[in-house]
Amino acid sequence: MSTTVNCCCDAVHDGNCPEPGGLSRRLFMATAAGAAGAAGLGFSPAVAAAPSPDKAKFMEEATRLAIESVEKGWGGPFGAVIVKDGEIIGRGQNRVLLTGIPVFHAEITAIMDASARLNPKALLGSDYGAGTILEMIPREPGSPDPVPERARMLKGCEIYINGAPCPMCMSAIYWSRIDHVYFAASLKDTSAIGFDDAFQYEDFAKPWSERRIAVTENFERATGLKAYEAWMNKKDRHPY
Ligand SMILES: [Zn+2]
Numbered sequence: 001m002s003t004t005v006n007c008c009c010d011a012v013h014d015g016n017c018p019e020p021g022g023l024s025r026r027l028f029m030a031t032a033a034g035a036a037g038a039a040g041l042g043f044s045p046a047v048a049a050a051p052s053p054d055k056a057k058f059m060e061e062a063t064r065l066a067i068e069s070v071e072k073g074w075g076g077p078f079g080a081v082i083v084k085d086g087e088i089i090g091r092g093q094n095r096v097l098l099t100g101i102p103v104f105h106a107e108i109t110a111i112m113d114a115s116a117r118l119n120p121k122a123l124l125g126s127d128y129g130a131g132t133i134l135e136m137i138p139r140e141p142g143s144p145d146p147v148p149e150r151a152r153m154l155k156g157c158e159i160y161i162n163g164a165p166c167p168m169c170m171s172a173i174y175w176s177r178i179d180h181v182y183f184a185a186s187l188k189d190t191s192a193i194g195f196d197d198a199f200q201y202e203d204f205a206k207p208w209s210e211r212r213i214a215v216t217e218n219f220e221r222a223t224g225l226k227a228y229e230a231w232m233n234k235k236d237r238h239p240y
């Protein structure tokens with residue numbers, strides 16, 4: 001069966017993407033978006049309608065953060081903002097060069113900034129009540145989610161990124177339950193300046209044994225499962 005989709009290369013295809021790795025990337029995005037939709041997380045497609053002036057303003061701020069990072073030598077040209085009810089509640093910029101931390105990406109830091117702002121007591125584990133991002137909300141009707149409720153996290157928020165998210169950041173967006181992703185430059189644009197994430201998208205589609213990084217599955221499984229047991233035995237555990 002062939003379906004017409006908006007591809008990562010900015011074209012609409014009904015078959016193979018002409019870009020190297022394009023098909024795998026497209027499949028990854030489609031699978032991930034489908035999984036989120038099935039889980040009732042309300043995720044919208046990454047390709048958005050023409051942005052309103054407000055939305056354009058948010059993208060300008062994400063881009064300003066990206067340019068600042070470049071000019072100050074802090075990291076790559078990537079910035080992100082998280083918006084709730086029309087207001088910026090989180091900002092992030094790539095600071096890999098400043099920190100030497102390879103995962104210091106704009107989206108990750110924007111998510112941490114927004115989460116800390118919305119739920120300053122989250123780390124204390126002492127305030128899970130109404131109004132915090134750890135407040136439990138019911139799964140949506142028809143959701144295959146195995147538990148009846150999930151923590152709110154950043155549901156109700158949008159993220160604006162000046163460049164297409166890498167797989168790590170896209171995954172972080174799912175964990176955060178952000179409703180909508182707006183990104184400006186495409187994966188192809190990002191590849192053109194030397195930040196090629198294509199192989200990661202391709203790797204995700206392969207079995208563990210065929211990944212570029214060696215992965216040993218089920219190594220000392222019984223040991224690892226002791227932590228799962230501890231979780232299940234904890235009477236007051238807070239699911240999320
Ligand atoms: Zn990233």
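The sequence shown begins at 1 in UniProt numbering and counts up by one.
All C-beta atoms, glycine included, are put in the ideal place defined by N, C-alpha and C.
In the DSSP annotation of this structure, the continuous segment of the beta strand (DSSP E) that includes Y160 starts and ends at 157-163. Annotated as distal: A106 and G73, with beta-carbon spacing of 8 Å or more. In this structure, A151 and L134 form a Cβ contact; the two beta carbons are roughly 5 Å apart against a cut-off of 8 Å. If you ignore the 5 residues before and after G163, its C-beta comes within less than 6 Å of the C-beta of F78, A185, T190, all in its own chain and listed in chain order. Taking 7 Å as the cut-off, the C-beta of M112 does not count as close to any heavy atom of ligand 1. The shortest CA-to-CA distance from L98 to any of V70, R139, W175 is the one to V70.
The DSSP assignment places complete alpha helix (DSSP H) segments of no fewer than 4 residues inside the UniProt domain "CMP/dCMP-type deaminase" (53-196) at 53-71, 96-99, 106-118, 167-176, 187-192, in order along the chain. Taking C-alpha positions only, K55 is separated from G100 by approximately 32 Å. Just so you know, the alpha carbons of P102 and G76 end up roughly 11 Å apart. If you check the CB distance, W208 and E217 come in under 8 Å. F219 counts as exposed, since fewer than 16 other beta carbons sit within 10 angstroms of its beta carbon.
For R221, the enclosing alpha helix (DSSP H) starts and ends at 221-233. Just so you know, the alpha carbons of K84 and A172 end up roughly 17 Å apart. Within 10 angstroms of the beta-carbon of T109 lie 16 or more other beta-carbons, which makes it buried. According to the DSSP assignment, E202 belongs to the alpha helix (DSSP H) that extends over 198-204. Cβ neighbours of V96 within its own chain (closer than 7 Å, five residues either side excluded): G75, G76, P102, F104.
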